[in-house]
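In what follows, a structure is listed as C-alpha cells, so that the remarks can point back to it.
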Amino acid sequence: MFAPVNNASAIIQPGDIIASRCTMKNNGNHDITVGSTGADEMCNFYIYYMVEGTQTLKDNTCYSPGYPEYRWSTSAGLNNIPKHH
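Just so we're aligned: the sequence shown equals residues 5 to 89 in the working numbering.
Right, here's the structure in full:
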C-alpha cells in the first residue's frame with residue numbers, strides 16, 4: 005500500500021528529517037511479529053527523488069536501524085512526536 009503525498013512540490017533541504025510511521029491491524033486470532041521475512045510483518049518506507057541536471061546525490065541511500073535501536077525521541081532529538089492512536 006502506498007500513501008499519497010499531500011504536498012508533491014515539497015523541497016527537502018539539507019538537515020531536514022523525513023519520518024514515517026507504520027500502523028498495522030491484526031484481524032486474526034494469532035500474534036503477528038515484525039521482521040524481515042515473508043513469515044513476518046514488514047514496514048518499508050520508500051521515497052523517490054529527482055535532482056536537477058545530471059548531478060546525483062553523493063550518498064543515494066538513507067536508513068536507520070529501526071525500532072528498538074533507533075527512536076525519534078532519543079536518536080534524532082525530536083520532542084514533538086504525535087502519539088500513536
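Every residue gets a Cβ at the ideal spot worked out from N, C-alpha and C, and that includes glycine.
### Integer Cβ distance of Ala80 from Ile21, believed to fall under 8 Å
Position 76 of the sequence shown, counting from 1, holds the residue named residue 80. Position 17 of the sequence shown, counting from 1, holds the residue named residue 21. Contact flag correct, Cβ pair sits at about 6 Å.
### Spatial distance of Val55 from Lys62 (CA atoms)
Within the sequence shown, the letter at position 51 stands for residue 55. Within the sequence shown, the letter at position 58 stands for residue 62. One C-alpha to the other measures close to 12 Å.
### Query
Alpha carbon to alpha carbon, what distance is there between Tyr74 and Asn83?
Your numbering for residue 83 matches position 79 in the sequence shown. Your numbering for residue 74 matches position 70 in the sequence shown. The straight-line gap from Cα to Cα measures roughly 15 Å.
### Query
So which of Glu45, Gln59, Pro69 and Thr58 has the shortest CA-CA distance to Thr27?
Reading the sequence shown from its first residue, position 23 is the one you call residue 27. When only C-alpha atoms are compared, the closest one is Glu45.
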